[in-house]
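In this note's numbering, the protein residues as written are 1265 to 1529. Backbone N, C-alpha and C define an ideal beta-carbon position, used for all residues, glycine too. Reading through the structure tokens given below for one structure.
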């Protein structure tokens, strides 16, 4: 009897992973874990300096990585970006649709949110993921084990609890829920319609990640979460590696929730 070795099951040696929003807090974590498993990394970000700095840090740690400056809401720019990724790395095996935006009136409720802000966030969070997926599919089809990972949110499944925000300057706008819920739905579509191409498509829905928010908000969020705290960014790494690797080879169309039990109530 042969042992099943985790280092082989989760190995990504020789594979190429593209991460949108790769210069951000969570994007950096995803890049670190996939590079740690042996993947070559393409960091896609509209913020040139952020992505370049992450690429420099990963390269210093021994990763094969390159930053690609791209506005994912610009279809022509995205197509050119994925052509460049294919030319640079020789293909693509994993796409992480992670990029997300914030607008000028981000902390507005439904009545106060301008239509311009609604359209801006949908264009980045949902339309941008569609554009990137469309551009990546020909490369992923050639991979033989393509994996798309869409970054959803618990707020694509359930509503924010307004009591958590009382007395703070924070708010989660309705467009964020709409964009993440739409992305989770698109995950299922891509999973079904592109399974015959050898492409799997799953989502990861993080719960609240602590990132310097107001103390009152952190305390209230933590009190409502069954595990009693917000997440650390690094706690999303395992889910990303699982869905990117052959460890999840028979999983597609799934939304993997990593929320400390928030949606279990």
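- Counting the other CB atoms within 10 Å of its CB gives residue 1457 a total below 16, which places it among the exposed residues.
- With a contact defined as Cβ atoms closer than 8 Å, residue 1350 and residue 1356 qualify at about 6 Å.
- Taken in chain order, the unbroken stretches of alpha helix (DSSP H) that lie wholly in the stretch 1336 to 1362 and span 4 residues or more are 1339 to 1353.
- Annotation for residue 1304: no alpha helix (DSSP H) segment contains it, though the beta strand (DSSP E) segment containing it runs 1304 to 1309.
- When beta bridges are read from the DSSP output, residue 1465 appears opposite 1412.
- One Cα belongs to residue 1305, the other to residue 1433, and the distance between them is close to 37 Å.
- Between the alpha carbons of residue 1395 and residue 1330 lies a distance of about 21 Å.
- Taking the Cα of residue 1474 as reference, the smallest distance to any Cα among 1500, 1369 and 1447 is reached at 1500.
- Every unbroken stretch of the alpha helix (DSSP H) spanning 4 or more residues and falling wholly within the stretch 1430 to 1499 is given here in chain order: 1438 to 1457 and 1479 to 1488.
- Cβ-Cβ distances below 6 Å link residue 1273 to 1511 in the same chain, with the five nearest sequence neighbours on each side left out; the list follows chain order.
- Per the C-alpha coordinates, the member of 1454, 1422, 1514 and 1481 positioned closest to residue 1527 is 1422.
- Where residue 1504 is concerned, the enclosing alpha helix (DSSP H) starts and stops at 1501 to 1508.
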